[in-house]
Amino acid sequence: MSSNYTYDYIIKYIIIGDTGVGKSCLLLQFTDRRFQPAHDLTIGVEFGARFVDVEGKKIKLQIWDTAGQESFRSITRSYYRGAAGALLVYDITRRETFDHLLIWLEDARQHSNSNTTIMLIGNKSDLESKRAVSYAEGEAFAQQHGLFFMETSAKTADNVEESFVDTAKDIYEKIKQGVFDVSNESNGIKVGGHLQSKNVLPLTTDNGNNCC
Amino acid sequence: MADINFTKKSLLRPHTSTLPGSVKPVESKTGATKLVIGATYSYGQNVSLTSSDGLSYLQSQPSQLTSRREPSPNPPGITFSSDINDDISDKDSSKSQEKEVEDEPVINSDPSTLIEKSSIGLKPDIALLIKDPMKTIDSMKLSNSTVKQLNETQRLRLERCLNKFKDVLQSANIDLDALRNLSWLGIPNELPSELRSITWQLLLEYLPCNADRQVKTLAQKRQEYFESVSKAYAKGIADRTIWHQIHIDVPRTNPGTVLYQCETTQQCLERILYVWAIRHPASGYVQGINDLVTPFFQVFLSFYIDENPENYDTSYLPKNVLDVIEADSFWCLSKLLDGIQDNYTFAQVGIQRQINKLKDLINRINAPLAAHLQKEGVEYLQFAFRWMNCLLMREMPLKHIIRMWDTYLAERLDGFSVFHLYVCVAFLDKWSDYLKSRDFQEIMIFLQSLPTETAKWKEQDIELLLSEAYRLKSLYHEAPNHLSRV
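Line by line, the protein sequences are chains A and B.
Per my numbering, residue 1 is the first one in the first sequence, and the count goes up by one each step.
Per my numbering, residue 1001 is the first one in the second sequence, and the count goes up by one each step.
See the structure below:
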């Protein structure tokens, strides 16, 4: 996919969560629509990108996939600031990855923009027989902390698309409402040149800016 | 030796691996009892480690956790002496877990993944090789099969090269500087595989230069490692977090290669990494160190076999051979990491410093590239972190990394820090033309999967990279203001 393809917005995401919960596999499923069981482990951060369509707008998601190991925390923290969306991932078959969510959430709240949309993801939903965290528990945690919630399977692709796109929808909603200062790229949002020049923000969907 | 195709099913088994801390006595064929550390258990199984009674645990009966490893893949047509795998042959009663494991579906049965299997391929005189590796020097010569593929000029060149190595290595007190000069230029793959193994161990000062001390030192160091392993696992697993991390990382190390997907290798790597981590609490295990042990393991394995080590299933190795490969790999990894320890301690300051220097050097040697990266908002940390953390092992095929290490090891102690930095400078500079015409996203995606795979990058590309790094280092190292913009 050429990045010269005109975009209306670029939105930056970060994916966080314990080691081995499937962060890189979620990203690969989303960007390449494939599952790689023996994925190389992530060192520091890795980058992925894909277009999504939200209300007719071409939104380019640029995603930082972070290493889960504690040792890399001081490096990965620097990626929170520039992210408008955060996917916080745990593994429904490993209880401890759910137990660590509070630590991750505190870290995210402390280092990211206060308007960052956070999506809680319980991954590996295909492994129902090994489930150690119920859907209700995940949902309750998300409600309690004001997060979106979904269970996904990077292996079967179930809900993967939805988790990235729904996050984008919420962020786009915030853009329309003027919650973000979109002139400042460090908030994780960049406006396409053609929209910038019109200097009409927030935008409605019918103002004829779809150049392609 | 029969080369036989068989599917990935038998090699890439559904994940089982060793649980350190489970130690069981095994009757060997001779009747002697040996201790086997490790047991297989299925992935995700809930394991509790409660034993804390030290050595008495070593002698305890197999716990219910302890099930035996699966029998080695044993394709029809391969026969091997029955005592080879005696220590790990399958004669345990608790097989229920294995049954379950074997019944799991095969993840990938694509016929294109058929893997050619090595036969045993051990070199003769193994006992002597283990005890005194230097004894191989005198008889080293180009193999007949190698000679057949060479023209006269190539043969003469390689023979000259081999003789230079032999001259240095046959001395009772080896001249390390002379050995460095030879190794810097690369140890040709056509030369006997023992040569690289010995040279690396000497350059790391693991194997002493003094001929009188070699046999004794090796025996001592290996014994010391075996004791460290016993001690590390004697009371169960002291550090669950580190152990779990290693345990999930080892199967993700070189996932496409037979050598690293066979369980026996994975058990070795797991022990090496765990023992190293608990002996170095300031850093512990950091992801990426798992990559750094593989060149040693592979080069030292090739000392004992006549096969391509990457296709070798180590369950065919006698235990005493496997043990010394593991011990030697441990010590050489330790030596390497000693020189770059602050890459892995808190906040990884060594890496941050390296990245700052990389940025500074690019500013000086290629200002247009530096300006373009800045304009596009590309930060060096975003792509170069991995270059430093894994010493470019994710960017190059392992065979090229091994060639690079001939030079790194010849650069004395700072080969993996200072010289590596200049290799990274030369490496980034090499892609300059492409990078300067791309935007942020294209740059990031390109730098994350560089076109360096074996098919495109040849040995000469590595030679050029190393000589460019050498040139840059001579110009800029210890000359912090040279060509800098004041």
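Glycine included, each C-beta is placed from N, C-alpha and C at the ideal position.
The structure displayed is predicted, hence computed values, not measured ones.
Kindly list the residues whose CB is nearer than 8 angstroms to the CB of residue i, restricted to its own chain and excluding five residues on each side of it in sequence; keep chain order.
| i | result |
| --- | --- |
| valine 1321 of chain B | Leu1122, Ile1126, Ile1130, Tyr1304 |
| asparagine 159 of chain A | Ser125, Met150, Glu151, Thr152, Ser153 |
| leucine 102 of chain A | none |
| glutamate 161 of chain A | Phe30 |
| alanine 1172 of chain B | Asn1210, Ala1211, Asp1212 |
| lysine 1335 of chain B | Leu1204, Glu1205, Tyr1206 |
| arginine 1155 of chain B | Leu1142, Val1147 |
Return the first residue and the last residue of the beta strand (DSSP E) that residue i is part of.
| i | result |
| --- | --- |
| arginine 1412 of chain B | Looking at the DSSP string, arginine 1412 of chain B is not in any beta strand (DSSP E), and its letter there is neither H nor E. |
| isoleucine 171 of chain A | No beta strand (DSSP E) contains isoleucine 171 of chain A, which is instead part of the alpha helix (DSSP H) from 160-176. |
| isoleucine 189 of chain A | 189-191 |
Is residue i near residue j, with beta carbons less than 8 angstroms apart?
| i | j | result |
| --- | --- | --- |
| cysteine 1332 of chain B | glutamine 1441 of chain B | no |
| alanine 154 of chain A | asparagine 123 of chain A | yes |
| valine 1293 of chain B | leucine 1273 of chain B | yes |
| aspartate 65 of chain A | glutamate 96 of chain A | no |
| glutamine 1287 of chain B | isoleucine 43 of chain A | yes |
| proline 1295 of chain B | isoleucine 1187 of chain B | no |
| leucine 1158 of chain B | leucine 1191 of chain B | yes |
| valine 1425 of chain B | leucine 1472 of chain B | yes |
| phenylalanine 1165 of chain B | leucine 1195 of chain B | yes |
| phenylalanine 148 of chain A | aspartate 166 of chain A | yes |
| methionine 1140 of chain B | glutamine 1214 of chain B | no |
| glycine 82 of chain A | serine 186 of chain A | yes |
| alanine 1384 of chain B | arginine 1180 of chain B | no |
| glutamate 1459 of chain B | arginine 1412 of chain B | no |
| tyrosine 80 of chain A | alanine 108 of chain A | yes |
| isoleucine 1289 of chain B | alanine 1232 of chain B | no |
| histidine 39 of chain A | arginine 77 of chain A | no |
| phenylalanine 1419 of chain B | tyrosine 1408 of chain B | yes |
| threonine 1314 of chain B | leucine 1259 of chain B | yes |
| serine 1417 of chain B | glycine 1339 of chain B | yes |
| tyrosine 1285 of chain B | glutamine 1220 of chain B | no |
Name the DSSP beta bridge partners of residue i, please?
| i | result |
| --- | --- |
| lysine 58 of chain A | A:Asp53 |
| leucine 1176 of chain B | Bridge partners of leucine 1176 of chain B: none, in fact. |
| threonine 66 of chain A | A:Val45 |
| isoleucine 1305 of chain B | B:Leu1122 |
| alanine 86 of chain A | A:Ile14, A:Ile118 |
Excluding sequence positions up to five away, which residues of its chain have a Cβ less than 6 angstroms from the Cβ of residue i?
| i | result |
| --- | --- |
| lysine 1359 of chain B | Tyr1380 |
| glutamate 1100 of chain B | Summary for glutamate 1100 of chain B: the model assigns pLDDT 38, below 50, so the residue's position carries little reliability; its value from the coordinates is reported in the next sentence. Answer for glutamate 1100 of chain B: no residue qualifies. |
| serine 1112 of chain B | Confidence in serine 1112 of chain B is poor, its pLDDT being 41 and thus under 50, which makes the residue's placement unreliable; the coordinate value appears in the next sentence. Same-chain partners within the cutoff: there are none. |
| isoleucine 75 of chain A | Gly44 |
| lysine 215 of chain A | This structure gives no information on residue 215 of chain A, because the portion of chain A shown stretches from 1 to 212. |
| leucine 1162 of chain B | Leu1191 |
| proline 1076 of chain B | Low local confidence applies: a pLDDT of 36 at proline 1076 of chain B is under 50, so the model's placement there is unreliable, with the coordinate-based value given in what follows. Nothing meets the Cβ criterion. |
| alanine 1469 of chain B | Tyr1422, Val1423, Ala1426 |
| serine 24 of chain A | His39, Thr42, Asp65 |
Got a sec? Which residues, its chain only, sit under 7 angstroms from residue i by beta carbon, not counting five neighbours each side?
| i | result |
| --- | --- |
| phenylalanine 1300 of chain B | Ser1197, Ile1325, Asp1328, Ser1329 |
| glutamate 1453 of chain B | Pro1397 |
| glutamine 1352 of chain B | none |
| tryptophan 104 of chain A | Ile16, Gly17, Leu88 |
| glutamate 1152 of chain B | none |
| glycine 22 of chain A | Val89, Asp91, Asn123, Lys124, Ala154 |
How far does the alpha helix (DSSP H) with residue i in it reach, from first residue to last?
| i | result |
| --- | --- |
| isoleucine 75 of chain A | 73-76 |
| lysine 12 of chain A | Per DSSP, lysine 12 of chain A belongs to no alpha helix (DSSP H); it is in the beta strand (DSSP E), 9-17. |
| leucine 1472 of chain B | 1459-1476 |
| alanine 1327 of chain B | 1319-1338 |
| lysine 23 of chain A | 23-32 |
Counting only runs that start and end within the stretch 90-152 of chain A, where is the alpha helix (DSSP H) found for 4 or more residues in a row? 95-99, 101-111, 135-145
If you scan the stretch 1250-1291 of chain B from start to end, which runs of the alpha helix (DSSP H) of 4 or more residues do you find wholly inside it? 1258-1261, 1263-1279
Ranges of the beta strand (DSSP E) found wholly within the stretch 1182-1226 of chain B, counting only runs of at least 3: none
What ranges does the alpha helix (DSSP H) occupy inside the stretch 1355-1399 of chain B, keeping only unbroken runs of at least 4 residues that lie completely in it? 1367-1375, 1380-1389
Scan the stretch 1131-1158 of chain B and note each continuous alpha helix (DSSP H) run of 4 residues or more that stays entirely inside, going in chain order. 1144-1148
Contained beta strand (DSSP E) runs [length at least 3] in the stretch 1418-1443 of chain B, N- to C-terminal order: none
Looking at chain C, which residues of the stretch 35-61 of chain A have a Cβ within less than 9 angstroms of any of its Cβ atoms? Protein chains in the displayed structure are A and B, and chain C is not among them.
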